[in-house]
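Presented below is the structure to which this report refers.
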Amino acid sequence: MRRKKIAILGSTGSIGRQTLDVLSAFKDDFEVIGLAAGKNVQLLAEQIKEHNPRFVSLTDSSLAQELKSILKNPALEIFWGDMGLEFISSCSCDIVVNGLVGSLGLKPTISALSHGKRVAFANKETLVIAGNLIKDLIDRYHGEIIPLDSEHVAIHQCVNNAKKEDIKRIILTASGGPFRTWAKSQIQSATKEQALKHPTWVMGQKITIDSATLMNKGLEVIEAMHLFDISHKQTDVFIHPQSIMHSAVEFVDGNIIAQLGATDMKLPIQYSLYYPERKQLPFNLFCDLLSVGKLEFEKPDYERFPCLKLAYEVAEKGKSYPIVLNAANEIAVDMLLKEQISFDKIATIISDSLETHVACEPKSLEEIIQIDKDARNKATELKKRIKQVMA
Ligand code: MG
5 MRRKKIAILG STGSIGRQTL DVLSAFKDDF EVIGLAAGKN VQLLAEQIKE
55 HNPRFVSLTD SSLAQELKSI LKNPALEIFW GDMGLEFISS CSCDIVVNGL
105 VGSLGLKPTI SALSHGKRVA FANKETLVIA GNLIKDLIDR YHGEIIPLDS
155 EHVAIHQCVN NAKKEDIKRI ILTASGGPFR TWAKSQIQSA TKEQALKHPT
205 WVMGQKITID SATLMNKGLE VIEAMHLFDI SHKQTDVFIH PQSIMHSAVE
255 FVDGNIIAQL GATDMKLPIQ YSLYYPERKQ LPFNLFCDLL SVGKLEFEKP
305 DYERFPCLKL AYEVAEKGKS YPIVLNAANE IAVDMLLKEQ ISFDKIATII
355 SDSLETHVAC EPKSLEEIIQ IDKDARNKAT ELKKRIKQVM A
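Letter 346 of the sequence shown, counting from 1, is numbered 350 in the numbering used here, and no numbers are missing.
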């Protein structure tokens, strides 16, 4: 059988690196044809030596030039910028792995789906801001999205092509992040370093902060609504500190089917790349339930984690609100990472952005991009005011 051709968007990020780890273990089944990275030229150069892709892309032309001078490989085609991402996402591959962070992933997703590709999808923000547009593209060009996020891979297996009307609710689990047991006053004065210490998962910085605020789970609820065509009222979030049950589906006849496994992204990545086949796991990542011992579940506390509540409010309101929620969150998380705001101001910036937003029903990509841009500008303004207060 011919090897499947893979393109990876965000190859030097957390999902990209772990996808390449999985692909290294299955060289007979897959070949890497395209890699799109951001600014990490050194790591991309190493990945190229190991996986020998035909096309690569970086953020800008000077980085592309730097790569060219390191590698001296005339057969390799090097691209950059938005055009580079779009080229890699629509190149002659079978599967596009979208491991980009934030709304940066929107245009390449559209490009891949417009070429009828299968997209292994870890870029939840894109579905949050443009879920309806993405679904239209899938219908029109017969592409598909296979989830790669651990919760949605779990739900995908639990649903297993069941009839929509048989599903009562989806239970998304969350580890609870580093502040699960902290008092509200402690969380308010939490530092960036404390927020970046995730108890169970190893992930990129943005998603780790989103896990500390529980916004990650809020975005995942909206992602699940689009992926599985359900209402927010059919979703529940359970805090599950062991991170062994990755999610569950309750059916109308009272049966609950849950998916369990090790806390390692290589498992959902392998599932997503091979679906509908299953392959022997090449890593020592089998889950020993006896050593886990017990599984616990708690209700999330909206008082201490207001971002999850904001996401549910937005899921109910729909329209352009999810775009504003996501844009304000991306800006606020970036500010926290630059140590320009305190941890509790993330929720303040998002909530203020939503309160003053005049909602509309975006119909096109251009409208979505404009709303996203306006929301970013407004969140940046709010941030300046907060900075003045802090100073
Ligand atoms: Mg997840």
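All C-beta atoms, glycine included, are put in the ideal place defined by N, C-alpha and C.
For residue i, does the three-state DSSP call read helix, strand or coil?
| i | result |
| --- | --- |
| A158 | helix |
| H202 | coil |
| D33 | coil |
| V100 | strand |
| T212 | helix |
| A79 | coil |
| L285 | coil |
| M219 | helix |
| I171 | strand |
| D2 | Residue numbering for the chain in the displayed model covers 5 to 395; residue 2 lies beyond these limits and cannot be assessed. |
| A194 | coil |
| A166 | coil |
| S18 | helix |
| I234 | coil |
| Y279 | coil |
| G106 | helix |
| P366 | coil |
| D292 | coil |
| S94 | coil |
| P182 | coil |
| G297 | coil |
| A187 | coil |
| R308 | coil |
| M269 | coil |
| M207 | coil |
Would the beta-carbon of residue i be found less than 7 Å away from any heavy atom of the ligand MG?
| i | result |
| --- | --- |
| S154 | yes |
| E129 | no |
| E224 | yes |
Any heavy atom of the ligand HEM inside 7 Å of the beta-carbon of residue i?
| i | result |
| --- | --- |
| E307 | Because the ligand HEM does not appear in the structure shown, any question about it cannot be addressed here, the ligands present being the ligand MG. |
DSSP has residue i in a bridge; who is on the other side?
| i | result |
| --- | --- |
| K9 | E35 |
| I260 | E254 |
| V241 | L176 |
| M249 | L264 |
| L149 | One detail in the question is off: residue 149 reads as Ile in this sequence, not Leu. According to DSSP, which records beta bridges pairwise, I149 is partnered with V123. |
| E302 | I243 |
Are any of the Cβ atoms in chain C nearer than 8 Å to that of residue i?
| i | result |
| --- | --- |
| I19 | Of the protein chains in this structure there is only one, and it is not chain C. |
> Are the segment 128-135 and the segment 186-204 touching, with three or more C-beta to C-beta distances below 8 Å?
Replying inline: Between the segment 128-135 and the segment 186-204, the count of Cβ pairs shorter than 8 Å is below three; the stretches do not touch.
>> Runs of 4 residues minimum, wholly inside the segment 109-140: which ones carry the alpha helix (DSSP H) assignment?
In response: Segments of the alpha helix (DSSP H) lying fully in the segment 109-140: 110-118.
> Hey, which unbroken runs of the beta strand (DSSP E) at 3 residues or more fall wholly within the segment 41-86?
Replying inline: 59-62, 81-84
> Can we say the segment 22-42 touches the segment 293-300, given the rule of at least three CB pairs closer than 8 Å?
Replying inline: no
> Which ranges would you report for the alpha helix (DSSP H) in the segment 322-369 if only whole runs of at least 4 residues count?
Replying inline: 325-341, 349-359
> Are the segment 106-119 and the segment 71-83 in contact at 8 Å, needing three or more beta carbon pairs?
Replying inline: Too few Cβ pairs lie closer than 8 Å, so no.
> Contact between the segment 241-259 and the segment 159-170: three or more CB pairs below 8 Å?
Replying inline: yes
> Does the count of Cβ pairs from the segment 48-68 and the segment 233-241 closer than 8 Å reach three?
Replying inline: no
>> Would you call the segment 224-231 in contact with the segment 173-188, where contact means no fewer than 3 C-beta pairs closer than 8 Å?
In response: yes
> Using 8 Å as the Cβ pair cut-off and three pairs as the minimum, do the segment 142-152 and the segment 202-221 touch?
Replying inline: no
>> For the pair the segment 333-343 and the segment 358-373, tell me if three or more CB-CB distances fall below 8 Å.
In response: no
> Can you find at least 3 beta carbon pairs, one from the segment 310-325 and one from the segment 62-71, that sit closer than 8 Å?
Replying inline: Look at the beta carbons and you see the segment 310-325 not touching the segment 62-71: under three pairs across the two are nearer than 8 Å.
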